[in-house]
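Working notes for the structure below.
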Amino acid sequence: MWYEITQKGCCKNTKEKREPIRICREDKMTRAVIFDMFETLITHYHSPLYFGKQMAEDARIPEDKFRSLWSPTEYTRTIGKLTLEEVLETILKECHCYTETLLKEIVEKRIAAKEECFRHLHSEIIPMLLALKKKGFLIGLISNCFSEEAEVIRRSELFPYFDAVYLSYEQGIQKPEVEIFQRCMDSLFVKAEECIYVGDGGSNELEAAGKLGMRAVQATWYLQEGTTQPSKRKQNFLQMEKPLDVLKFVDMQANKD
């Protein structure tokens with residue numbers, strides 16, 4: 438069955454001249470909505486950043502030197518092989534500036550920056566999650582994250598809304614690997630065709646979700662031009678301009694199921 442929706446995520450009369458996106462769906466009931474975390478439910482870019490540049494400054498290490506040691510650890514940090522503390526200790530010792538005080542200071546600033554992200558939520562995030570819960574939908578989370586991020590996510594105000602949480606740091610695998618999606622679905626007791634996946638599009642997550650059979654849509658409400666955000670608009674996917682557009686899309690799907 439085919440139906441038509443516009444780029445803004447709302448149903449439109451098909452007599453309109455504006456060309457809609459056409460999406461084919463299976464006749465499966467929508468039971469779950471699975472979200473990405475960073476740049477989807479929260480963003481780094483509405484609060485002060487504390488990335489490699491800022492850590493290098495606090496350590497008084499040239500940024501290029503710091504990055505040459507920091508960046509190669511991204512994958513192992515993401516799948517739980519290394520913690521933030523372990524990597525920073527190695528870098529500080531390599532650069533002959535290690536002290537316990539300096540290590541503690543940088544770690545605390547990094548964690549504080551992650552916590553701050555949760556204080557700058559889009560105003561519709563919690564209303565969207567509340568509405569999904571009220572309507573009886575299962576809510577999942579799949580996030581590529583580091584040790585410090587996993588810790589903050591589990592302490593966050595958003596955590597209680599999730600029925601299943603799959604963090605790469607804890608799972609030992611990351612998106613776009615199929616297995617992390619499958620583990621989340623298994624935990625929710627749902628099939629891919631019964632899921633809607635919402636993410637900003639990083640790590641080829643939308644493509645992976647779509648190939649599995651989920652209905653994947655791109656969250657664009659945090660996207661800003663001229664920033665270092667890793668994701669850009671993906672025209673092959675329906676784009677949600679604000680969180681409540683997700684709710685409208687889910688409701689539309691449910692009404693057609």
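According to the working numbering, the stretch in the sequence shown is residues 438 to 694, in order. Every residue, glycine too, gets a C-beta built ideally from N, C-alpha and C.
Assign residue i to one of three DSSP states: helix, strand, or coil.
i      : result
Gln676 : strand
Ser560 : coil
Leu506 : helix
Ile458 : With a pLDDT of 36 at Ile458, under the threshold of 50, the modelled position of this residue cannot be trusted; read the value that follows with caution. Looking at Ile458 - three-state DSSP - the assignment turns out to be strand.
Gly517 : coil
Gln661 : coil
Leu681 : helix
Arg468 : coil
Ile498 : coil
Gln655 : strand
Ile528 : helix
One question on the structure: do residue i and residue j come within less than 9 Å of each other, judged by their Cβ atoms?
i      : j      : result
Ala653 : Leu625 : no
Ile633 : Tyr603 : no
Val687 : Leu575 : no
Leu684 : Glu476 : no
Lys612 : Ser593 : no
Tyr606 : Cys582 : yes
Pro680 : Pro564 : yes
Ala496 : Cys554 : no
Thr536 : Leu529 : yes
Gln655 : Gly517 : no
For residue i, count neighbouring Cβ atoms within 10 angstroms of its own Cβ and tell me buried if that reaches 16, exposed if not.
i      : result
Gln672 : exposed
Thr467 : buried
His559 : buried
Glu616 : exposed
Tyr512 : exposed
Asp464 : Low local confidence applies: a pLDDT of 47 at Asp464 is under 50, so the model's placement there is unreliable, and no value is given.
(request) Would you check if there are 3 or more beta carbon pairs closer than 8 Å linking the segment 541 to 561 to the segment 489 to 499? (result) yes
(message) Any contact between the segment 474 to 488 and the segment 656 to 669? By contact I mean 3 or more CB pairs, one from each, below 8 Å.
(response) yes
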